[in-house]
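Participant:
In this note's numbering, the protein residues as written are 1152 to 1488.
(1) Would you kindly check if the distance between the Cβ of residue 1422 and the Cβ of residue 1400 is under 8 angstroms?
(2) In the DSSP assignment, find the unbroken beta strand (DSSP E) run with residue 1447 in it and report its ends.
(3) Can you find at least 3 beta carbon pairs, one from the stretch 1351–1358 and one from the stretch 1208–1219, that sit closer than 8 angstroms?
(4) For residue 1470, which residues from the same chain have a beta carbon less than 6 angstroms from its beta carbon, with the 5 sequence-adjacent residues on both sides left out?
(5) Is residue 1277 closer than 8 angstroms to residue 1244 when the C-beta atoms are compared?
(6) If I measure Cβ to Cβ from residue 1386 and keep anything under 8 angstroms in the same chain, skipping five residues before and after, which residues do I get?
(7) Exposed or buried, residue 1291, counting other C-beta atoms within 10 Å across all chains shown (16 or more means buried)?
(8) Since I believe residue 1242 is in contact with residue 1222 (beta carbons under 8 angstroms), could you give me their beta-carbon distance rounded to a whole number of angstroms?
(9) Could you say if the stretch 1223–1233 and the stretch 1357–1365 meet the contact criterion of at least three C-beta pairs nearer than 8 angstroms?
(10) By Cβ distance, which residues of its chain are closer than 7 angstroms to residue 1235, with the 5 residues on each side in sequence left out?
(11) To the nearest angstrom, report how far apart residue 1371 and residue 1425 are at their CA atoms.
(12) Can you find the residues in the same chain that come closer than 8 angstroms, C-beta to C-beta, to residue 1396, ignoring five residues on each side of it along the sequence?
(13) Which residues does DSSP pair with residue 1180 in a beta bridge?
(14) Under 8 angstroms between the Cβ atoms of residue 1398 and residue 1453?
(15) Using the three-state DSSP reduction, which class does residue 1453 fall into: helix, strand or coil?
(16) Going by C-alpha to C-alpha distance, which of 1324, 1336, 1334 and 1330 sits closest to residue 1346?
(17) Nearest-angstrom Cα distance between residue 1321 and residue 1435?
(18) Going straight from the alpha carbon of residue 1384 to that of residue 1432, what length do you get?
(19) Between residue 1487 and the rest of its own chain, which residues show a CB-CB distance below 8 angstroms, the 5 nearest in sequence each way excluded?
(20) Nearest by alpha-carbon distance to residue 1302: which of 1438, 1240 and 1481 is it?
(21) Are the Cβ atoms of residue 1218 and residue 1203 separated by less than 8 angstroms?
Structure, rendered in C-alpha cells:
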C-alpha cells in the first residue's frame, strides 16, 4: 500500500510538471523586452528597447503598441503598471529618465530626469500605488536610490551619505526589473552582481554563495515570500549565473528560509543562467533566462526544465494567477498549467 501511494505521488508530480508549457502569444519585431508588469489575469504591460511599450487587455491575445516620441532610441528596462490607464517606465543609461502615463499610453510625462555622469537605472519596485523605489548602478562607490510617495509623480533621491556602498566591480543587472523587491510594508531588498555579488537587506550587505568574480557573473533576480510571521523571517530565492556562459548551471541559484542568515544550494539547479525568478504560489517557482524556463515545485530545491525558449522576464499577476513571460525578438508568452 505504501509503495502504491508513493508511485501514485510520483506519477501525480510528474504529470503536474510535464503538463506545464509555455504558449507563445505574440512577437513584436526585433524588440527586446525586459520590462513586464501583470496587473490582472487579463491586463499586462511590457517595455523594451527602441522606445517601445505595449499593453494587452485580453490576456495577451491582442496588443496596443507605443513608440514614445522623443525616446525612440531609449531602452525601457522596467515598467510598473497599475491599471489600463496608468503605468510608469524607466530608461537605462544617461540621462536617467522616468516617464508616466495616465491616459493609457497616449501621452507620457517626464517625471524624473538625472543627467549626472554614470547614471544607469536598473529596476523599480512599488509597495502600492503610491510608494515606490528605483535602483541604479553605483556612482562614486554608492548605489543610486530614489523614492516616490505620490504614485511616481515626483521622485526624491536618497542622500549620498545614506546610500549603501558598493565594492570594486560590483553593480546591478538591468536584466528583468526584479533585482529589487519589497520584503514588507516599507522595506525592500536588492541583489548585486559582477566581481562581487551581495544581498542588501535591512541596510546590511550579505555576501552570496553565488558565482561571481567577473563582470558577467552574479545575482540577477530575487523573489521574496513571507514565512513565519511571528519570527518575521523571509523566504528568498535568488538566481543569476554567468550570462557569458549561459548554459552553465554553476552556482546559479541559492535560497534562504531565514532572511539570509543561512543559504541552501538546490539539489537540482536551474538549467543555465537565469535572469528572473518569480513565486507562483507558496512552494512553486518559475525562472527564465536565455537558455530556457525552469519550474520548481518544492520551494527551489529541485528545478525542472519545461522549455528551451529564451525569455528575459517572468511575472505573475498582482491580482490573479496568470503567469506571463517576455524576452528578445519581441516574444511574449504565457505559462499554461
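In this text, a Cβ means the ideal position worked out from N, Cα and C, and glycines have one as well.
Facilitator: Judging by the given coordinates:
(1) Taking the chain shown and counting its residues from 1, one reaches residue 1400 at position 249. Taking the chain shown and counting its residues from 1, one reaches residue 1422 at position 271. It is a contact, given that the beta carbons lie within the stated cut-off.
(2) What you label residue 1447 is simply residue 296 of the chain shown in a count that begins at 1. Looking at the DSSP string, the run of the beta strand (DSSP E) that includes residue 1447 is 1443–1447.
(3) no
(4) As a first step, residue 1470 is located in the chain shown; it is residue number 319 there, counting from the start. Around residue 1470: 1191.
(5) Counted from its first residue, the chain shown places residue 1244 at position 93. Counted from its first residue, the chain shown places residue 1277 at position 126. No, Cβ-Cβ distance for residue 1244 and residue 1277 is not below 8 angstroms.
(6) Counted from its first residue, the chain shown places residue 1386 at position 235. Closer than 8 angstroms at the Cβ level, and outside the excluded window around residue 1386, lie 1375, 1376, 1377, 1378, 1406, 1407, 1408 and 1450.
(7) Counted from its first residue, the chain shown places residue 1291 at position 140. With fewer than 16 other Cβ atoms within 10 Å, it is exposed.
(8) One-based indexing of the chain shown puts residue 1222 at position 71. One-based indexing of the chain shown puts residue 1242 at position 91. About 7 angstroms; that satisfies the 8 angstroms criterion.
(9) no
(10) Taking the chain shown and counting its residues from 1, the one referred to as residue 1235 is at position 84. Correct list, in chain order: 1194, 1208 and 1255.
(11) Working through the chain shown from its first residue, we reach residue 1371 at position 220. Working through the chain shown from its first residue, we reach residue 1425 at position 274. Looking at the two C-alpha atoms, the distance is approximately 7 angstroms.
(12) Looking up residue 1396 in the chain shown gives position 245. 1367 and 1424, listed in sequence order.
(13) By one-based count along the chain shown, residue 1180 stands at place 29. According to DSSP, which records beta bridges pairwise, residue 1180 is partnered with nothing at all.
(14) Taking the first residue of the chain shown as 1, we reach residue 1398 at position 247. Taking the first residue of the chain shown as 1, we reach residue 1453 at position 302. For residue 1398 and residue 1453, no; Cβs fall outside 8 angstroms.
(15) Looking up residue 1453 in the chain shown gives position 302. Correct three-state label for residue 1453: strand.
(16) Position 195 of the chain shown, counting from 1, holds the residue named residue 1346. Among 1324, 1336, 1334 and 1330, the Cα nearest to that of residue 1346 is on 1324.
(17) The residue given as residue 1321 occupies position 170 in the chain shown. The residue given as residue 1435 occupies position 284 in the chain shown. The straight-line gap from Cα to Cα measures roughly 30 angstroms.
(18) To locate residue 1384, count along the chain shown from 1; it is residue 233. To locate residue 1432, count along the chain shown from 1; it is residue 281. Cα to Cα, the separation comes out at about 18 angstroms.
(19) As a position in the chain shown, residue 1487 is number 336, starting the count at 1. The residues are 1171, 1172, 1173 and 1174.
(20) The count along the chain shown starts at 1 and reaches residue 1302 at position 151. Answer by Cα proximity: 1240.
(21) Against the chain shown, residue 1218 aligns to sequence position 67. Against the chain shown, residue 1203 aligns to sequence position 52. Cβ atoms of residue 1218 and residue 1203: closer than 8 angstroms.
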